[in-house]
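K.L.:
Sequential numbering from 1 applies to the sequence shown in this note's numbering.
Glycine included, C-beta positions come from ideal geometry on N, C-alpha and C.
Predicted model, so just to flag it, every value in this text is computed and none were measured.
Here it is, the structure in full.
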Amino acid sequence: MSTETQKYTRNNPYESKMLVNYVLTDRDSEKETRHIELALEEGMAYTPGDAVGIQPTNRDSEVEAVLKALNFKGDEKVLDFFKKEDTLDNALRTKLHIGKLTRGSVNSYAKIAPESVPGLDFLKSLAGQDNKSRAEEYVWGREFLDLITEHPGGITDPQQLFTVLQRLTPRMYSIASSQAKHPDAVHTTVRVVRYHTHSRDRQGLCSGHLGERADEGSTMPIFLHANANFRLPEDTETPVIMVGPGTGVAPFRSFLQHRQAHGQKGNNWLFFGEQRSASDFLYKQEFEGMLKDGTLTRLDTAFSRDQTKKIYVQDRMRESRQELWAWLERGAYFYVCGDASRMAKDVEQTLLDTIADGKDCSPEHAQEYLNDLKKQKRYQLDVY
Ligand SMILES: Cc1cc2nc3c(=O)[nH]c(=O)nc-3n(C[C@H](O)[C@H](O)[C@H](O)COP(=O)(O)OP(=O)(O)OC[C@H]3O[C@@H](n4cnc5c(N)ncnc54)[C@H](O)[C@@H]3O)c2cc1C
């Protein structure tokens, strides 16, 4: 079955068994990054570069706290987003997004709240485009529970929650395995989001679920999601350069497993970065093994906190500019996966500098060269 014609979809997910779920990072790490393996039904197929969608549920403790704050019991009947009857308790666990607060939820809450709600004028003052930055400031680090605790009494009928809150939606994770090696499973690499804001410990909805309540043997609804814009070159001998710090390394594990399993001859160069080598080197043994058996031609690592001066993947790229340029001139494909906010921009700038240096040309001409790479699908991004 091709990845474009999946039987299981976002609205009809597959109830997949959790086969493996362990922490990749060391106890001393500031992060918790997990390796996860989920079972696939026969016929479910993916291609390296694809993602897996995982549908999480809210924590029981959060659901209870919301029910308590709203003075509801949980057995109240509600009509869900598809007008299907459900209990409030189940809807709060599986259908309503009670996590990270959105500006939209604050606006809707302020609109339906009775005048007696404390601080209602303040909430109303956050509406509209002109007040966007103040509203952003208010919702930052807050969840729905904060809103109904700080401004209680706004919800008088359980059904109103479907006006105020959004749907609980799946989260996407880059696939970290190749079916050539693991026909019946999909692997992924998940960083568990945890933070402390406004006097409470918080966690990401889906990564928190995977980190806390997804023991081996339990099940989770999943679906495979094709990404035609992140693909290995068709010519198996074409060299590839992969830049994947942190969980950004996931699709490159898939690429490498694929090329290894099929005995493909193209050269592979991986840049990996994290905070510390001792605690954060994800899949260290596997990648070092690939270096030994020749699957990886080069493995360059950047551990930012291992020395006083921070070193990132783009610094490693800069150190090897001539070699990078030589690979590009040999037709190499260049891939970036991971953090969209800073890393991808810094890597792109370094790539532009590499081109300008290699071609001995102006920044404008380097940009044209990069645009050509994009047109030829030789520069592909999967950033989030
Ligand atoms: C195509 C694609 C591929 C992806 N691949 C991967 C992957 O391979 N591995 C991976 O781990 N993730 C990946 N992601 C990200 C992933 O989908 C989720 O967004 C991520 O796991 C967080 O989701 P969550 O439900 O755990 O957190 P959510 O409940 O969505 O919460 C995350 C939000 O919490 C808030 N937050 C986080 N930290 C803080 C803080 N310190 N202070 C205040 N607020 C904070 C932020 O607003 C943040 O947006 C990918 C995303 C996409 C789109």
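1) Taking the alpha-carbon of S320 as reference, which of I222, D201, D357 has the nearest alpha-carbon?
2) On a CA-only basis, which of Q203, E136, M172, E15 is nearest S61? Give me that one, please.
3) Please list the terminal residues of the continuous alpha helix (DSSP H) segment that includes P363.
4) Under 7 Å: does the beta carbon of S341 sit that close to some heavy atom of ligand 1?
5) Only counting the same chain, and skipping five residues up and downstream in sequence, which positions put a Cβ closer than 8 Å to that of V347?
6) Secondary structure at L296, three-state DSSP: helix, strand or coil?
7) Below 6 Å CB to CB, which residues in the same chain sit around W269 once its five sequence neighbours on both sides are set aside?
8) Any heavy atom of ligand 1 within a distance shorter than 7 Å of the CB on A250?
9) List the endpoints of the continuous beta strand (DSSP E) containing N268.
10) Could you give the DSSP three-state label for Q395: helix, strand or coil?
11) Would you list, in sequence order, the uninterrupted alpha helix (DSSP H) runs of no fewer than 4 residues that lie entirely inside the segment 216-261?
12) If you draw a straight line from the alpha carbon of H187 to that of S304, how long is it in whole angstroms?
13) Which residues mark the beginning and the end of the beta strand (DSSP E) in which K77 is found?
14) Between the Cα of R59 and the Cα atoms of K265, C206, R10, P158, which residue gives the shortest distance?
15) Confirm the yes/no value for this check: CB of G99, any heavy atom of ligand 1, distance under 7 Å.
16) If we ignore side chains and look at the alpha-carbon of each, how far apart do V106 and L147 end up?
17) Among all the DSSP beta bridges, which residues are the ones paired with Q380?
18) Can the beta-carbon of F81 be found closer than 8 Å to that of F162?
19) Hey, out of G266, A226, H262, whose CA is closest to D235's CA?
20) Kindly give me the distance between the Cβ atoms of Y14 and I222, rounded to whole angstroms, as I take these residues to be in contact under 8 Å.
21) Thinking C-beta only, is R93 closer than 8 Å to T47?
22) Could you give the DSSP three-state label for E329: helix, strand or coil?
23) Using a Cβ distance threshold of 8 Å, determine whether the segment 247-259 contacts the segment 326-343, with at least three qualifying pairs required.
24) Does the beta-carbon of V190, which I'm using as the reference point, lie nearer than 7 Å to any heavy atom of ligand 1?
25) Hey, would you say T219 sits closer than 8 Å to S16, going by beta carbons?
26) Starting from H209, trace the alpha helix (DSSP H) in both directions and tell me its first and last residue.
27) Just verifying my parser: in three-state terms, what is the DSSP assignment at N71?
28) With respect to 7 Å, is the separation between the Cβ of C361 and the closest non-hydrogen atom of ligand 1 below this value?
29) Compare the Cα-Cα distances from S279 to each of G289, K124, E32, T9 and report the closest residue.
30) Determine the contact status of R27 and G211, defining contact as a CB-CB distance below 8 Å.
31) May I ask you to list the residues that DSSP assigns as paired with E143?
32) What does the alpha-carbon distance come out to for the pair A228 and K132?
33) Can you tell me which residues form a DSSP beta bridge with T57?
34) Considering Cα atoms alone, identify which of K181, D382, R103 is closest to A261.
P.N.:
Put simply:
1) What you label residue 320 is simply residue 320 of the sequence shown in a count that begins at 1. Out of I222, D201, D357, D357 has the C-alpha closest to the C-alpha of S320.
2) Within the sequence shown, residue 61 is the residue found at index 61, counting from 1. Checked all of Q203, E136, M172, E15; the closest Cα to S61 is Q203.
3) In the sequence shown, the residue the question calls residue 363 occupies position 363. Where P363 is concerned, the enclosing alpha helix (DSSP H) starts and stops at 363-375.
4) By 1-based counting over the sequence shown, the position of residue 341 is 341. In this structure, S341 has its beta carbon at no less than 7 Å from each heavy atom of ligand 1.
5) Residue mapping note: residue 347 aligns to position 347 of the sequence shown, counting from 1. So the list reads V243, V313, Q314, M317, V336, once near-sequence residues are dropped.
6) Sequence index remark: in the sequence shown, residue 296 carries index 296 (1-based). Three-state result, L296: coil.
7) Walking along the sequence shown from the start, residue 269 turns up at place 269. Same-chain partners within the cutoff: I241, T297, R298.
8) For the purposes of this step, residue 250 is identified with residue 250 of the sequence shown, where counting begins at 1. Within the cutoff, so yes.
9) Residue mapping note: residue 268 aligns to position 268 of the sequence shown, counting from 1. That run of the beta strand (DSSP E) goes 268-274.
10) The question about residue 395 has no answer here: the residues shown for the chain are numbered 1 through 384.
11) Counting whole runs of 4 or more residues, the segment 216-261 contains the alpha helix (DSSP H) stretches 250-261.
12) Your numbering for residue 187 matches position 187 in the sequence shown. Your numbering for residue 304 matches position 304 in the sequence shown. Distance between the alpha carbons of H187 and S304 is about 27 Å.
13) On the sequence shown, position 77 is the one that residue 77 refers to. Annotation: the continuous beta strand (DSSP E) that includes K77 extends over 77-79.
14) Here residue 59 is taken as the residue at index 59 of the sequence shown, counted from 1. Selected option, being the one with the closest Cα: C206.
15) For this step, residue 99 is matched to residue 99 along the sequence shown. For ligand 1, at least one heavy atom lies less than 7 Å from the Cβ of G99.
16) Locating residue 106 in the sequence shown gives position 106, where the first residue counts as 1. Locating residue 147 in the sequence shown gives position 147, where the first residue counts as 1. About 8 Å.
17) Numbered from its first residue, the sequence shown carries residue 380 at position 380. Answer is Y335.
18) Your numbering for residue 81 matches position 81 in the sequence shown. Your numbering for residue 162 matches position 162 in the sequence shown. Yes, Cβ-Cβ distance for F81 and F162 is below 8 Å.
19) Taking the sequence shown and counting its residues from 1, one reaches residue 235 at position 235. The shortest C-alpha separation from D235 is found at G266.
20) Start at 1 with the first residue of the sequence shown, and residue 14 comes out as number 14. Start at 1 with the first residue of the sequence shown, and residue 222 comes out as number 222. Confirmed, about 6 Å.
21) Taking the sequence shown and counting its residues from 1, one reaches residue 47 at position 47. Taking the sequence shown and counting its residues from 1, one reaches residue 93 at position 93. For T47 and R93, no; Cβs fall outside 8 Å.
22) On the sequence shown, residue 329 is found 329 positions in, with the first residue counted as 1. It is helical.
23) Enough Cβ pairs lie closer than 8 Å, so yes.
24) Translated into the one-based positions of the sequence shown, residue 190 becomes position 190. Flag set: Cβ of V190 near ligand 1.
25) Taking the sequence shown and counting its residues from 1, one reaches residue 219 at position 219. Taking the sequence shown and counting its residues from 1, one reaches residue 16 at position 16. Closer than 8 Å, so yes.
26) As a first step, residue 209 is located in the sequence shown; it is residue number 209 there, counting from the start. Run containing H209: 205-212, per the alpha helix (DSSP H) assignment.
27) The residue you call residue 71 lines up with position 71 of the sequence shown. Correct three-state label for N71: coil.
28) By one-based count along the sequence shown, residue 361 stands at place 361. Incorrect: C361 has no Cβ contact closer than 7 Å to ligand 1.
29) In the sequence shown, residue 279 corresponds to position 279, counting from 1. Ranking the options by Cα distance to S279, first place goes to E32.
30) The sequence position of residue 27 within the sequence shown is 27, counting from 1. The sequence position of residue 211 within the sequence shown is 211, counting from 1. Not closer than 8 Å, so no.
31) As a first step, residue 143 must be located in the sequence shown, where it is residue number 143. Beta-bridge pairing links E143 to K100.
32) As a first step, residue 228 must be located in the sequence shown, where it is residue number 228. As a first step, residue 132 must be located in the sequence shown, where it is residue number 132. Their Cα atoms are separated by approximately 35 Å.
33) Translated into the one-based positions of the sequence shown, residue 57 becomes position 57. Looking at the DSSP assignment, T57 forms no beta bridge with any residue, so it has no partner.
34) Position 261 of the sequence shown, counting from 1, holds the residue named residue 261. It is K181.
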